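Single-structure report; data block below.
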Amino acid sequence: IKKLREKYADDKDTLNKEMMRIYKEQGATPLLGCLPMLLQMPILIALFTGINASVALRHAAFLPVWITDLAAPDALFSWGKDIPWIGSDFNLLPILLCGVMFLQTKMNPQMAGQQAGGGQQAAQQAKMMKIMMPAMMLVFFYKAPSGLTLYFMASMAAGVADQWAVRRHIRAQEEIQAATETTIEAPGKAARGHRPKKPKDPYKTGF
Numbered sequence: 001i002k003k004l005r006e007k008y009a010d011d012k013d014t015l016n017k018e019m020m021r022i023y024k025e026q027g028a029t030p031l032l033g034c035l036p037m038l039l040q041m042p043i044l045i046a047l048f049t050g051i052n053a054s055v056a057l058r059h060a061a062f063l064p065v066w067i068t069d070l071a072a073p074d075a076l077f078s079w080g081k082d083i084p085w086i087g088s089d090f091n092l093l094p095i096l097l098c099g100v101m102f103l104q105t106k107m108n109p110q111m112a113g114q115q116a117g118g119g120q121q122a123a124q125q126a127k128m129m130k131i132m133m134p135a136m137m138l139v140f141f142y143k144a145p146s147g148l149t150l151y152f153m154a155s156m157a158a159g160v161a162d163q164w165a166v167r168r169h170i171r172a173q174e175e176i177q178a179a180t181e182t183t184i185e186a187p188g189k190a191a192r193g194h195r196p197k198k199p200k201d202p203y204k205t206g207f
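Take 1 as the starting number for the sequence shown in the UniProt record's numbering and just add one per residue.
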């Protein structure tokens, strides 16, 4: 991909076509960004069933004022009336989970790479997945037990922090490498620009 960007730097249409060809050959699609979530589905279902059936977690508080029952939605406050699908309580945890999920999809290197240079179609698919995945999480977890929501939010937050640390380390290494290459090139240029003076002819009188 890097070589293609250097080769077709002035021809964006050809660059997009070549990158799409490589993505198709390698089988890379934005849907692969959903694979980690799909692999966690059996764990999610098992936790959902276990928390609902657990007597020990019923009325077990995580935060005294806010999350007072890990086996029920967090219910930050009540609307005062029953709203279709949403219910009578406002649950904040699923919204926070949705935000963390959005950050995770945004930091996904594969989806970011396809959106940056994979052509218009790949960019639209990646953008759609960034919106759809958090929205699906919000729908699924809005009435889920707060213990389950906390587990997945903590897991995703740890993943986001890990990706951020790795990208920061890689960026620092690239800056060090670029600075080293610049330092090495500078003396070479100075040496090429310096022309040694010809020694004076001791037999030349100067007249």
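All C-beta atoms, glycine included, are put in the ideal place defined by N, C-alpha and C. Fair warning: this is a prediction, and the values are worked out from it, not measured in the lab.
Item, Value
"Quick one: is residue 51 buried, meaning 16 or more other Cβ sit within 10 Å of its Cβ, or exposed?", "buried"
"In three-state DSSP terms, what is residue 86?", "coil"
"Determine which residues share a DSSP beta bridge with residue 77 and list them.", "90"
"Let's test the definition: count the other Cβ atoms within 10 Å of the Cβ of residue 74 and tell me whether it reaches 16, buried, or not, exposed.", "buried"
"State the DSSP-derived secondary structure class of residue 105, mapped to helix, strand or coil.", "helix"
"Work out the CA separation of residue 5 and residue 173 for me, nearest whole Å.", "21 Å"
"Among residues of its own chain, excluding the 5 on either side of residue 47, which ones have a beta-carbon nearer than 6 Å to its beta-carbon?", "148"
"Just how far apart, CA to CA, sit residue 146 and residue 79?", "18 Å"
"Cβ of residue 141 within 9 Å of Cβ of residue 84?", "no"
"I'd like to confirm something about residue 11: is its beta-carbon nearer than 8 Å to some heavy atom of the ligand GTP, or not?", "Absence of the ligand GTP is noted for the structure shown, with no ligands found whatsoever."
"Which term fits residue 124, buried or exposed, when burial requires 16 or more other beta carbons within 10 angstroms of its beta carbon?", "exposed"
"Quick check on DSSP: helix, strand or coil for residue 8?", "coil"
"Where does residue 205 fall in DSSP's three states?", "At residue 205 the pLDDT is 48, less than 50, meaning the model places this residue with poor confidence; the figure from the coordinates comes in the next sentence. Residue state, collapsed to three classes: coil."
"Would you tell me roughly how many angstroms separate the C-alpha atoms of residue 231 and residue 154, rounded to the nearest one?", "This structure does not reach residue 231, given that the chain is present from 1 up to 207, and the question cannot be answered."
"In angstroms with no decimal places, state the Cα-to-Cα distance between residue 135 and residue 181.", "45 Å"
"By the 10 Å Cβ neighbour count, where 16 or more other Cβ atoms means buried, how is residue 18 classified, buried or exposed?", "buried"
"To the nearest angstrom, how far is the alpha carbon of residue 92 from that of residue 76?", "6 Å"
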